[in-house]
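Engineer: What the sequence shown shows, in the numbering used here, is residues 7 to 463, in sequence order.
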Amino acid sequence: MQNSLGQNTFMGVFVPENAVSRAMLAGLLATLVFAAISAWAKFPFMADDFIFLRNAADPGNPYTLGDLGKFITRAPVYSVVTYAVFKTRIWEHTWALLYVFFFVHAFSLALIVEWFWRELGAGGSRVSRVGLAVLVALLPSNHEVLYWPLCMPYVLGSTFVALGLWARAPFVRGLWFLASFAVLETFVLATLALVLAPAVLLSARAAGPLETVTRTVRASWPVIATWAAALAVFFALRKLLAPVYGAWVYELTLEPSHFLRQSTQIFEMLFVTHFYRINWVSTFLELGAVALALRWLARGRDGEPVVRPRQAAWMPILLFASVANLVILSYYAPRAFYGGYLLRQALVAWILLLLWQTGPARLRRSVIGAIAVAYLAHSFVIFANKNKNARQMSERETRWIEQMKTCEAPCVIEAGNPAAGLKYDWILPEMFWDVYFEWLIHRHAPGKAIQFKTSRE
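1. Does the stretch 153–172 touch the stretch 101–117, meaning 3 or more C-beta pairs lie closer than 8 angstroms?
2. Figure out for me which residue from W121, F389, S134, T222 has the closest Cα to the Cα of W46.
3. Could you tell me the alpha carbon to alpha carbon distance between T460 and Q409, rounded to whole angstroms?
4. Between I433 and M158, which are expected to be in contact by the criterion C-beta below 8 angstroms, what is the C-beta distance as a whole number of angstroms?
5. Do you know whose CA, among K429, V418, L293, lies nearest F443's CA?
6. Quick check for students: name the residue ranges of the alpha helix (DSSP H) that lie wholly in the stretch 14–77, counting only runs of 4 or more.
7. Helix, strand or coil for E98? Go by DSSP, reduced to three states.
8. I'd like the span of the alpha helix (DSSP H) that includes E444, first residue to last.
9. Inspect the beta-carbon positions of I374 and L258 and report whether they are closer than 8 angstroms.
10. Have a look at A378 and L103 and give me their C-alpha separation to the nearest angstrom.
11. Whose C-beta lies closer than 7 angstroms to the C-beta of A185 among residues of the same chain, with five residues either side of it excluded?
12. Provide the residue(s) that pair with E420 in DSSP beta bridges, ordered along the chain.
13. DSSP three-state call for G453: helix, strand or coil?
14. Using 8 angstroms for Cβ pairs, my map puts V464 next to V140. What's the rounded Cβ distance?
15. My output table needs one value for L169: the three-state DSSP class, helix, strand or coil.
16. Tell me, to the nearest whole angstrom, how far the beta carbon of W406 is from that of W123; I am working on the premise that it is less than 8 angstroms.
17. Checking 8 angstroms against the spacing of the C-beta atoms, do K392 and Y251 come in under that value?
18. Just tell me which of V329, G306, L237, R307 has its CA closest to the CA of Q271.
19. Specify, as a first and last residue, the run of the alpha helix (DSSP H) that W320 falls within.
20. I'd like to confirm the pairing. Which residues does DSSP put opposite L258 in its beta bridges?
21. Let me make sure I understand the geometry here. Which of P204, D55, V21, W320 has the alpha-carbon closest to that of P435?
22. Please go through the same chain and pick out, in chain order, the residues whose beta-carbon is closer than 8 angstroms to the beta-carbon of T88, but skip the five residues on each side of it.
23. Leaving aside the five residues before and after P65 along the sequence, list all residues of the same chain whose C-beta is less than 8 angstroms from its C-beta, in chain order.
24. Buried or exposed: which applies to P215, given that a residue is buried once 16 or more other Cβ atoms fall within 10 Å of its Cβ?
25. Using alpha carbons as the reference points, say which of H149, E125, W362, S288 lies closest to A225.
26. How would you write the range of the alpha helix (DSSP H) that G375 sits in, first residue to last?
27. In whole angstroms, what is the alpha-carbon distance linking V133 and A236?
28. Tell me whether T37 is buried or exposed, calling it buried when 16 or more other Cβ atoms sit within 10 Å of its Cβ.
29. DSSP puts H280 in a beta bridge; with which residues?
30. Mark Y344 as exposed unless 16 or more other C-beta atoms lie within 10 angstroms of its C-beta, in which case mark it buried.
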């Protein structure tokens, strides 16, 4: 709905019409780009997917929301959406949802970037804003959330964060923040870091570290209080859900060696292009391009810095703060960084927009081109890996399905090592072999007494 001021309103959220249209266009274009560069590739199901696929296909299992157990306590919104999607068994027939979730991701990130630009007083043409929003949406480090069916619903958290940032009333903002926390804890500190980042960057332009902190707290305390209230309600909600579905307990480690190890992993996940292995070429292209842009912005066209070095120094601090909870946790899966990547890409988009407005054309083309090449090149590495694994899995499944349909029950099918030959990825670890074969039986030979015999060789 649009009000008389040219703003789109939705449940207490007021977004300028031009910002919504740019974000919508960026989401559509980013999705089209993704569809074009990935059209040749197939994507495989992975690991935990097979638990949900098995449960939904099992004729003897009613498959209720309660089957998700204590994960409902941890991430209630995510759990409801994931349960509903797998319950339809749509993934067995089409991967169209891949593009739907990608659009949600790209559109939501574009809305966040638009808010970020507004808070920092950035200008820019429609073409530059849309183009940069498309570029930052293609970050390949989001591979786990964007290409893994079980993790795709996490993108809804970015939508809730975006709506919370644009909300005016504290109560409405708090509700949207709460909704994002209920998707996954990756959005908890990331939301706070996003809210504070513009104030920090504006204050740091003319103030030292301590004064920057003081000014930021003074300017942002109402939204900090809203964030804290949303977090308190979230913990209360978890207390209410725990007796019903089970308590989710995090494994925490307070040893200094663990802090150092996790901090190293956080740095790698935030700043290094990776897919189980580091892609040094893409890493140097992106980081080098951003460093080149910041170097120009620090000098300015007429000697007046556009971005001062102390502003740039705050950026890695804000990024680390957005995922600081991982320092005491015992995991660092890529999906745990999705919230931090929202801030990361908002910062990249801001730097590139300033460069677009003030930098020479040759430098703009070089920097943006280098980042685009880095993202596309690494995306092709990921797509090639997943395509090979998907086709290999498909070939084996075709053979096993034929055996299931033709063998006389009860029968035993020699499957060997079902993960043999798969390229590095979390496709089919041994702990998921049984549920994987159970899903195949339920889907292609329901009720038939079949046993798959596996080996580690």
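Glycine is no exception: its CB is placed at the ideal position from the N, C-alpha and C atoms. Values in this document were obtained by computation on a predicted structure and should not be read as measured data.
Structural biologist: This is what the structure gives:
1. yes
2. F389
3. 15 angstroms
4. The Cβ separation is near 16 angstroms, so there is no contact.
5. V418
6. 23–44, 55–63
7. helix
8. 439–450
9. no
10. 25 angstroms
11. V83, F166
12. K459
13. coil
14. No information on residue 464 is available, as it lies outside the stretch 7 to 463 that the chain covers here.
15. helix
16. W406 to W123, Cβ: 52 angstroms. No contact.
17. no
18. V329
19. 315–328
20. L335
21. D55
22. F58, L74, L156, P159
23. H448, P452, G453
24. exposed
25. E125
26. 367–412
27. 36 angstroms
28. buried
29. I284
30. buried
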